[in-house]
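Here the protein sequences come in this chain order: A and B. First residue of the first sequence? That's 812 in the working numbering, and the numbers climb one at a time after it. First residue of the second sequence? That's 8 in the working numbering, and the numbers climb one at a time after it. Even for Gly, the Cβ is constructed at its ideal location relative to N, Cα and C. Given the structure is predicted, the values throughout are model-derived calculations rather than measurements. Okay, so here's the structure we're looking at.
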Amino acid sequence: MASHSESIIREPLITGKDITYAQITNDILRPVEKMPGRAWWIGFTVASIGACLWVFAVSWTFWFGIGEWGLNKTVGWAWDITGFVWWVGIGHAGTLISAILLLFRQNWRNSINRSAEAMTIFAVICAATYILCHMGRPWMFVYSLPLPNQYGSLWVNFNSPLIWDVFAISTYFSVSLVFWYTGLLPDLAAIRDRAVGVRRRIYSVMSFGWTGSVKTWQRFEAVCLILAGISTPLVLSVHTIVSMDFATSLEPGWHTTIFPPYFVAGAIFSGFAMVQTLLLVTRKVLGLENYITMFHIEAMNKIILLTGSIVGVAYLTEFFIAYYSGSEYEQYTFLNRFIGPYWWAGCMMYGINILMTQLMWFKSIRTNIAIAWVLSIVVNIGMWFERFVIIVTSLHRDYLPSSWAMFYPTWVDMSIFIGSIGVFFTLFLLFIRVLPSIAIAEVKLILKSSSEQAKKKVIEHGHVDPEQLEFYKESLVVFDSVDTADYEKR
Amino acid sequence: MDSNKKYWKGLEELNKTPEFVEKNKHEFAEPIPIEDVLTGGGLAGATPRRDFLKALGFGVGAVTLAACQKVPVHKSIPYLIKPEEITPGIANYYTSTYEGHAILVKTREGRPIKIEGNPNDLLSKGGVSAQAQASVLDLYDSNRLKSPVRDNTEYGWSQTDNFVKKELTAIKAGGKKIRIVSSTISSPSTLAVIADFIAQYPNTKHVVYDAVSYTGIIQANQNSFGKAVLPHYRFDKADVIVSFGADFLGTWISPAEFIRQYVQNRNNKSLEAKKMSRHIQFETGMSVTGTNADVRMPIKPSEEGIALVNLYNAISGTTLPGSKKLNNSNADKAITIVAKELLAAKGKALVVAGSNDVATQILVNSINSLLGSYGTTIDLDGASRQYAGNDAGLVEVISEMNRGEVDAVFFLNANPVYDYYKSKDVADGLKKVRLKISFATYADETASLCNIIAPNHYYLESWGDDNAIEGYYTIQQPAINPVYDTRQAEQSLLLWSDNPVKEYYTYVRNNWDKNLMAKGGLSGQKGWETLLQTGFVKEAEKPAGTYTFSHDLNAVAQTIIDHSNQIAEGNKMELQLYQSVAMRDGKRANNPWLQELPDPVSKVTWDNFAALAPADMKKWGYVDGDLVTIDANGYSVTLPALSQPGQTQGTVSVAVGYGRTSAGPVGLNVGKNAFPFYSLRNGTFQASAPATLKATGDNSPLAQTQTHHSIEGRNSIIKETTFKEYLKNPASNSGKDEEHKTYSLWDEYDHPAYNWVMAIDLNACTGCGACVVACSAENNVVVVGKAEVMRRREMHWIRIDRYYSFNDNGEGGTTREKEIAKLEDLDNVRVVYQPMLCQHCDHAPCETVCPVLATVHSSEGLNHMAYNRCIGTRYCANNCPYKVRRFNWFNYWNDSRFDNYLQNEHTQLVLNPDVVTRFRGVMEKCSMCIQRIQAGKLKAKIEKRPLKDGDVKVACQQTCPANAIVFGNANDPNSEVSKALKSERTYYVLEELDVKPGIGYQTKVRNISEIEA
């Protein structure tokens, strides 16, 4: 057993005393098997009111036309594509966690991947609805699919980044869904085994007849690895293609080669922030502090810091290139972000995304749950403004000053955006109610090697370098789920 | 011999084993259960008979029920007997006349859908103003009166006739006065009808007045030369033009004609001949003419007279009594320079003034006389008949009415209750008149106070003629049967005066047979038919006589100075009234095309406003849209303020023609009526007055189609040079002589047969906006209304961008917003107009980004738009550097919130059937009138000949009075457009993007002398 345990200078991934496999199942399935608490009901009510608002505003748009939004002859995209890119970006963290971190054997992902992947799927749903809603004639959306038709050679335009987008988003959604569901299978079987009656039948169907035999597990592992392999390029490709919606245009402020890496970094940045926003609440409300520990929180904050800094560098590069290019339109566009009528949006974008994330350099901030939660929300506000600035402030003053115009959102614009958040949270709250929000099987996998109790056992066995032990103990101080007094006794 | 041989396929068959026999029985089909059915066991079979009948019964019932749903049926009734001259799908053109211009009326299947210029029109050679273009829409206006009205109830024509005739007989017997009040009538036949009427009722007098009056000029000519006429001005013969507040390119007398004349000395052809006229404008508010001037001097209305006195002094070398320097040193300096230039161009100079003051116009006459303009740039013999109003006449009638001396009054094309400055006097006077008859087509402000409205035909339904200038007679013929139960006013007058000629058509015909046809060398039926085909007759041109002014000017100068002092009284703001290019005197206020036509200078739609100098706005802390109450001449209105560069400081300009209170739903209460600000002085209406301004504290935003007014130093958009530079190097500042190496990612398109391109001469375009209305009429472009324009969603396929630059004694002027904000003096503003429409780029950015190939390139160099394929992602519009694509935000055709005009089944008749209307959610844009290209190609094909240059004219090009737009095939090196694009002045907007636009622009050239530059 000792050979399986890892070095104690690594912080534990599961905390708590006397955690057994059964205990894990009990803890994680508690919200699924019991009636939800008050917090859930309050959250669900608010979220579903938001979702109803979304349904109303979208129906309104479909009934009267896109004119109900604040767009005009100059600004043809605004909150719609801002919302779309924002949601797609948020989705990216899930894929990164489930695919890339799996390939890199980052075991800490095991506690957060399930929720993150669910978040991905719900975020992509929100993004996809934006694509549909923003069309002038959504009932004709089939034209954007390369379907055989009676018009002879009429095909979609493979030169158009919007077509790449259709492929990218649909691939992304289907692969994410399959990957997520595949991962769910053993856990669904666990619920099935404990459930009775109708629930048992439903979960039985959903678990695809999982038997838990060695062969099943072996195949499960293989499929997950293959899907991770398929998903990995998607982490990079999807937002690259989304960025090309802008980068391949002529529009100053959009026509930029730096966009793909810059957008991918921004996507992961906002995605991790959203995971943080969700999990900090979830672990508290569902009592999962032992599985989503301070280590996880800090690790995610570090990724936020890294990607946020990449985004910051991208901003500076853009400014430099605008200056260096000598293109007056480009220069004006970037100047306009500060001195134009939307200066406040520019300040939100640069202020939050560059300055606020730099606070994460401080461990005390990274490990402070309240601050981390606020910052995670602030990051997504900043990222929303980033997309708003890129889209609206570029469009509203481009080449011909005669057509310069302002964009003012209407109540429909706002309702659809707020509503989409409602839809997202409705789906997420339903998810934690009916499916395990942490991958049970995967957490069990690391119980024997990386949990606090495993480490305690190692310490009890002696043979630990006292310097390393001291280091380990110090690292535990910030954990809100660990009673450090335990270690003092020894 | 029969063979008994038996063939078998296998041993089983040979041996007939029981299995084989059994199998063989079912080899091909299952047996039909006939036996089962006959034995009654069939009811248990697979499809029992009863079930089948049940299903059949239900099916038939369901299908029958479904078929009962009423499917909308659009009846399209073919011609039972096809009229000989009408072929469905082929347009017919009829000659007619609009305000004295010879025009062509394009009709489709018997309904007029478009006004086009008659290329042989003496006045504008095929150019048509925005008003004329828009006039076709009013034909179908469902708010026109549909039958005669007596005391606000519908009345039959025969009853009306009986009533009127009985009354007239009684009035004739009573001996009291009968008055016919009309705006200027230049139709010889109408005038003859009125003369006949007067002969029948001798106590009748015909009183002519115009809402915007030219009495000052007419009386000045009476005083100076004994000829009470409006002269025919010849801007084409003038090398130096000096205008004092005359907006001759926008609204003054005959703008469409003057644009053509004016541009002749400034367009590419003239420049290539090294010739360009010089134009100096002194004015108060920024007019279209002012924006086109080489030098523009803002002066106050009170300074205009003094400036003219000083100009006279400088030219004549004398000093009139009362002369004094202006408070405005720049204007003073300009007067001296202008005097020198005018003298140098003696015989080729022209001074015009917009004032309606007789004394001022006498002074202008004397200046023109000194400059030798009579006989060259001013023709008093071939005079204009476009305006003949006498202000005093109307005043007299109103006082007669108020004194109770008038028993009958007729209003023909006149609406004094709206446009007379003392509206209440008219209304009160009318109460004392026994018989009040209006021939108005709408129940306008005056007509609604009349006992009888005998609605006139619209001009497109009427016979008639016109005589805009001496010796030029145009014929008017109906292009459609009357849409409503109306009757031509002349016909009514003929009937009421018991004229022996009962039909107005016969009357016109007789008149032409007797008097007019001979002038054009025509006679008889053949001559009449020729006339109807050519549209006009013209007398041989007579050389204009020279006139010399020889009167004493001392008293005149004194009157002018007094008038100036009166306006400048009390150091108040000075109010100037003007006509807006779109709305003019307000007669067409119910025309949505005109309401949505942006004012060329301010770009405001759907409103009038108080134009204030930016410096004044800043001084008082006003922002655009702040409501200010203007108080002058005992009348006040509250209007939104607009910061108008070029507006003279200390003045405010307000357009008349707005604020109709009885004009139909479109024009109702749009803006505020400014006519009551007029005053009567020395027998003429005066358009300026001292005024006070007060902010109300509220703000009412204006709907402008352009809100950023400078080019931000982006000189790849607008390229301009001076005439001096141009003479040195014709490619000056056009970039034509610069070489660039370009690299392209894209394949070049082949244009095997045609490559449709366009050339636009920025030096010819005056910004008048006729093309915008022509395009709307041709391409069924919707009107979206004020609220949507405010949201920047107007749908015009062609727009005219207007940019200001401020001359800060620097080269090229200041064009950056930030620097402009720092300038003290915003008076010295220069303006350039740029018609902007789809550039039909060969490397079109819109084409690459459309996901569904809804916008694609044609083999003829056009950028097509397939509405049916469009799903409305709007990426094309975002990616268009020229921002010329227009999105259908709403279903404008079926959304009750946009019930401006086109949801009405009458008005829909104006639609061009060759152009599909667009549904909600699709993008649209200029198609280069592809329907016209197609029609031209088909015509050439039928005639078995290749398409010739000029066969296809796009709507904007066709209507442009300045001929600023040239369209054609670039593959033909001899086409007009190829030649135009070869000009050294040609440049392409945003050329550096290498989108290869199909429209070449030619640089703006300003004739600025060293001193001002």
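Cβ-based burial, residue i [other Cβ within 10 Å; buried from 16]
i	result
G792(B)	buried
M930(B)	buried
D505(B)	exposed
M812(A)	Low confidence applies here, because M812(A) scores a pLDDT of 36, under 50, leaving its location unreliable; read the following figure in that light. M812(A) should be labelled exposed.
A562(B)	exposed
A1020(B)	Interpretation of A1020(B) is limited by its pLDDT of 38, a score under 50 that renders its predicted location unreliable; the figure taken from the coordinates is listed afterwards. Under this definition A1020(B) is an exposed residue.
S557(B)	exposed
R667(B)	buried
S1024(A)	exposed
A901(B)	At residue 901(B) the sequence reads Asn, which differs from the Ala that was named. The residue in question, N901(B), is exposed, as its Cβ has fewer than 16 Cβ neighbours within 10 Å.
D148(B)	buried
S818(A)	exposed
Neighbouring residues, chain A, relative to residue i (Cβ below 7 Å)
i	result
Q713(B)	S1213
I878(B)	M946, G947, R948, M951, F952, Y954, S955
N299(B)	Chain A residues near N299(B): none, gap ~18 Å exceeds 7 Å.
Interface residues of chain B facing residue i [CB-CB closer than 7 Å]
i	result
E1139(A)	R721
T885(A)	R799, K890
N960(A)	Those do not exist, as N960(A) stays about 11 Å from chain B at its closest Cβ, beyond 7 Å.
S870(A)	Within 7 Å Cβ-Cβ: nothing; S870(A) doesn't reach chain B, min ~15 Å.
S1286(A)	Those do not exist, as S1286(A) stays about 51 Å from chain B at its closest Cβ, beyond 7 Å.
Proximity of residue i and residue j at Cβ, strictly below 7 Å
i	j	result
N488(B)	D158(B)	no
M293(B)	Q654(B)	yes
T796(A)	A1058(A)	Any answer about residue 796(A) is impossible in this case: the structure gives chain A only from 812 up to 1301.
G1233(A)	A862(A)	yes
H1107(A)	S922(A)	yes
A781(B)	Q268(B)	no
N522(B)	R392(B)	no
G257(B)	S362(B)	no
A352(B)	V247(B)	yes
I767(B)	P888(B)	no
V635(B)	A696(B)	no
Chain-ordered chain A contacts of residue i [CB-CB under 8 Å]
i	result
S717(B)	P1212
M843(B)	L1211, S1213
Cβ-Cβ separation, residue j to residue i (assumed contact under 8 Å), whole Å
i	j	result
L860(B)	V891(B)	In fact, because the Cβ distance is near 20 Å, the residues do not count as touching under 8 Å.
D451(B)	Y425(B)	7 Å
K355(B)	T325(B)	With 8 Å as the limit, K355(B) and T325(B) do not qualify as a contact, their Cβ atoms being about 23 Å apart.
G1193(A)	M1167(A)	7 Å
K960(B)	F974(B)	7 Å
F990(A)	L912(A)	F990(A) to L912(A), Cβ: 13 Å. No contact.
Beta bridge counterpart(s) of residue i as assigned by DSSP
i	result
V112(B)	Y101(B), I122(B)
N870(B)	H864(B)
A662(B)	Y585(B)
K184(B)	V413(B)
W763(B)	N976(B)
Contact set between residue i and chain B, taken where Cβ atoms lie within less than 9 Å
i	result
Y1143(A)	E719, R721
Chain B contact residues for residue i, given Cβ-Cβ distances below 8 Å
i	result
V967(A)	P858, V859, L860
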